[in-house]
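J.: My questions will all concern the structure given below.
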Amino acid sequence: SIAYLNGQLLPIEEAKVPALDRGFLFGDGVYEVIPVYAGRLFRFKQHIARLENSLQGIRLPMEQTLQDWANICHQLIEQNSLNNASIYLQITRGAYPERNHDFPANPSPTIFAMITALPEVQAVPSDRDLQGISVITAEDIRWQRCDIKAITLLANCMLKQQALECGANDTILVRGGVAFEATSSNLFIVRDGVIITPPLSEHLLPGITRDFLLWLAEQHGILTEQRLIPEHELLQADEIWLTSSTKEIRPVTRLNDVTIGNGTAGPVWRQMYDHYQQLKVQLYRG
Ligand code: PMP
2 SIAYLNGQLL PIEEAKVPAL DRGFLFGDGV YEVIPVYAGR LFRFKQHIAR LENSLQGIRL
62 PMEQTLQDWA NICHQLIEQN SLNNASIYLQ ITRGAYPERN HDFPANPSPT IFAMITALPE
122 VQAVPSDRDL QGISVITAED IRWQRCDIKA ITLLANCMLK QQALECGAND TILVRGGVAF
182 EATSSNLFIV RDGVIITPPL SEHLLPGITR DFLLWLAEQH GILTEQRLIP EHELLQADEI
242 WLTSSTKEIR PVTRLNDVTI GNGTAGPVWR QMYDHYQQLK VQLYRG
């Protein structure tokens, strides 16, 4: 596929970054993952607003405008002729002659972007969706700024791998007995028809899908609540979901080997799934 690196479009195999790049040496960078439906960027303003917050969070000011970021994305969509895709956009603080922790006075950031195909709109949920996934819970060993979408994902990888080694699909992260999110998605539970998700804080990423689902639920008169979710409450939930731009809404049907609900995707999930897909179909119709 064709990727973008520092102003150039080139085959991804040819996209090379110096070994002295601070992204490589320190994990000093941030990123975004932006879905594309019907060839159009979905919730683009929100994604770029979060990118700007992440950049501000690591004190790496950039002068690019919304239009500049959109141009990069549109070039990738066109060059790769993809209608349904996700764009990965990463900015690191760049490469310098020496390995030095101090931030460079005049940074020259590295901007990299690539695109990956996503499945078409699925009006009917797949068997895999209906069956749901299996998760474990584990203590969140990440840092205290999980609201920054940093490329430094070693703890997330370790926590995900821990799930795989337990025969599960993902890990819900717990701090001091409270569940915040999963390794690459936000957490929702449903109790008595109310959709509940933890409030924004430095312990979780402000998910664009999280925000979108809260809005979508409101549009359809479904009650939502933003409050802390104690780990023990997970087992009392009628439904558990994990959400992200690429996974959309993923039902969780097993938690630490205990069945959630009746062991398949629940009715509120089904409702929200339909609303989500309908909205995507509308995008295709223009
Ligand atoms: N939390 C974490 C830790 C994530 O990595 C992601 C996905 N990048 C999310 C939540 C979901 O965010 P979004 O809905 O914006 O994809």
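Last residue of the sequence shown? That's 287 in the UniProt record's numbering, and every number before it is there in order. Idealized CB from N, CA, C, for every residue including glycine.
What is the residue span of the alpha helix (DSSP H) that residue 58 lies within?
T.: First-last of the alpha helix (DSSP H) with residue 58: 45-58.
J.: Would you say the segment 88-97 touches the segment 27-37, given that touching needs at least three Cβ pairs under 8 Å?
T.: Counting Cβ pairs under 8 Å, three or more are found: they touch.
J.: Would the beta-carbon of residue 122 be found less than 7 Å away from any heavy atom of the ligand PMP?
T.: Outside the cutoff, so no.
J.: Does the beta carbon of residue 76 come closer than 8 Å to any beta carbon on chain B?
T.: Among the chains in the structure shown there is no chain B, since it carries only a single protein chain.
J.: Pull up the CB-CB distance for residue 1 and residue 203, whole angstroms please, since I reckon it's below 8 Å.
T.: In the structure displayed, the chain extends from 2 to 287; residue 1 sits before or after that span and is not available.
J.: Alpha carbon to alpha carbon, what distance is there between residue 142 and residue 258?
T.: Rounded to the nearest angstrom, the two C-alpha atoms are 22 Å apart.
J.: Considering only DSSP beta bridges, list what residue 91 is partnered with.
T.: Residue 91 is bridged to 32 and 113.
J.: If residue 224 sits next to residue 196, beta carbons under 8 Å apart, how far is it from one beta carbon to the other, in whole angstroms?
T.: With 8 Å as the limit, residue 224 and residue 196 qualify as a contact, their Cβ atoms being about 7 Å apart.
J.: Less than 6 Å between C-beta atoms, sequence neighbours within five positions excluded: which residues of the same chain meet that for residue 58?
T.: Excluding residues within five positions, the ones whose Cβ falls inside 6 Å are 149.
J.: If you draw a straight line from the alpha carbon of residue 159 to that of residue 190, how long is it in whole angstroms?
T.: Cα to Cα, the separation comes out at about 24 Å.
J.: Quick one: is the Cβ of residue 34 within less than 7 Å of any heavy atom of the ligand PMP?
T.: Within the cutoff, so yes.
J.: Could you check whether the Cβ of residue 182 sits closer than 7 Å to any heavy atom belonging to the ligand PMP?
T.: True, at least one ligand heavy atom lies under 7 Å from that Cβ.
J.: Would you list the one or two residues that DSSP bridges to residue 207?
T.: In DSSP, residue 207 forms no bridge with anything.
J.: Given 7 Å as the limit, tell me if residue 88 has its C-beta closer than that to any heavy atom belonging to the ligand PMP.
T.: For the ligand PMP, not one heavy atom lies less than 7 Å from the Cβ of residue 88.
J.: Going by the C-beta, is residue 205 closer than 7 Å to any heavy atom of the ligand PMP?
T.: It does: the Cβ of residue 205 is within 7 Å (strictly closer) of some heavy atom of the ligand PMP.
J.: State the Cα-Cα distance for the pair residue 173 and residue 188, rounded to the nearest angstrom.
T.: The straight-line gap from Cα to Cα measures roughly 8 Å.
J.: Cβ of residue 55 within 7 Å of any heavy atom in the ligand PMP?
T.: It does not: the Cβ of residue 55 is nowhere closer than 7 Å to a heavy atom of the ligand PMP.
J.: Could you have a look at residue 257 and say whether DSSP puts it in helix, strand or coil?
T.: Residue state, collapsed to three classes: coil.
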